[in-house]
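Worksheet: the structure to be examined is printed underneath.
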Amino acid sequence: MAIHANRGRFFERYLEHLHIRYWQEMRARIEFVPTPTRPRRGRQGTTWVPVRKGIVDYVGVLAGGRFVAFDAKSTKSETGWRVKVSRRSPRNDTSHQWDYLNEVHALGGLAFYLIYAETLGRVFMALMPFAVDERQCFSQLIEVVADQNGWWDWLSALKGVGVVRPAAGADKA
């Protein structure tokens, strides 16, 4: 059985630094939402186990006041990605995240998946809404292109496709 506990660690740390940069530039305030856990004592010592499934990885607000929620995913696939729904293996079922993101979208917030394609070294964005279990080919998604400093700037990618407009007065700075 493969262990995937640290698969997205690089991407998670990367996003942490990017979101600090967004905050320093007053472009957005994005926070990581940890999965609720509790201690469980066992023969091997104390471990932390999930109490329940978390909502999504990140929530926040963009300059101008729009709410944003997204989940970060990593994949080794070179062609595409899909939301996993597994009734037989509840640990791998991510439909609760998809439901949450659809609700955020329905309420006027910005909701998406940010996907790091490890083998390609590229980042893609799947904006809500889309059908669960629908395969998202990378060629159909928004590619987050690195800026001149090498940052995969997802906020600029959203502005580039017209989903997010610059905050009032932002171009007068």
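The sequence shown begins at 1 in our numbering and counts up one residue at a time.
Backbone N, C-alpha and C define an ideal beta-carbon position, used for all residues, glycine too.
Restricted to the region 109–151, the beta strand (DSSP E) segments that are unbroken, complete and at least 3 residues in length are 110–117, 122–127 and 142–144, listed in chain order. The residue among 44, 26 and 146 with its C-alpha nearest the C-alpha of residue 116 is 146. Non-local beta-carbon contacts of residue 68 in its own chain, meaning distances under 6 Å to residues more than five positions away in sequence, involve 60, 62 and 110 in chain order. Secondary structure note for residue 106: its alpha helix (DSSP H) is the uninterrupted segment 95–106.
When 29, 49, 152 and 163 are compared, the shortest CA-CA separation from residue 11 is found for 152.
Apart from the 5 residues on each side of it in sequence, residue 77 has no Cβ closer than 6 Å to any other Cβ in its chain. With 16 or more neighbouring CB atoms inside 10 Å of its own CB, residue 126 falls in the buried class. In the DSSP secondary-structure assignment, residue 39 is bridged to 48.
Under the three-state reduction of DSSP output, residue 156 falls in the helix class. From the listed residues 156, 160 and 39, the smallest Cα separation to residue 25 is found for 156. An exposed status is given to residue 107, since fewer than 16 other beta-carbon atoms sit within 10 Å of its beta-carbon. The criterion of a C-beta distance shorter than 7 Å is satisfied by residue 113 and residue 73. Classified as exposed, residue 17 has fewer than 16 neighbouring CB atoms from the shown chains inside 10 Å of its CB. Counting only residues of its own chain and dropping the five nearest sequence neighbours on each side, residue 53 has a CB closer than 6 Å to the CB of 96. Residue 98 counts as buried, since no fewer than 16 other beta carbons sit within 10 angstroms of its beta carbon.
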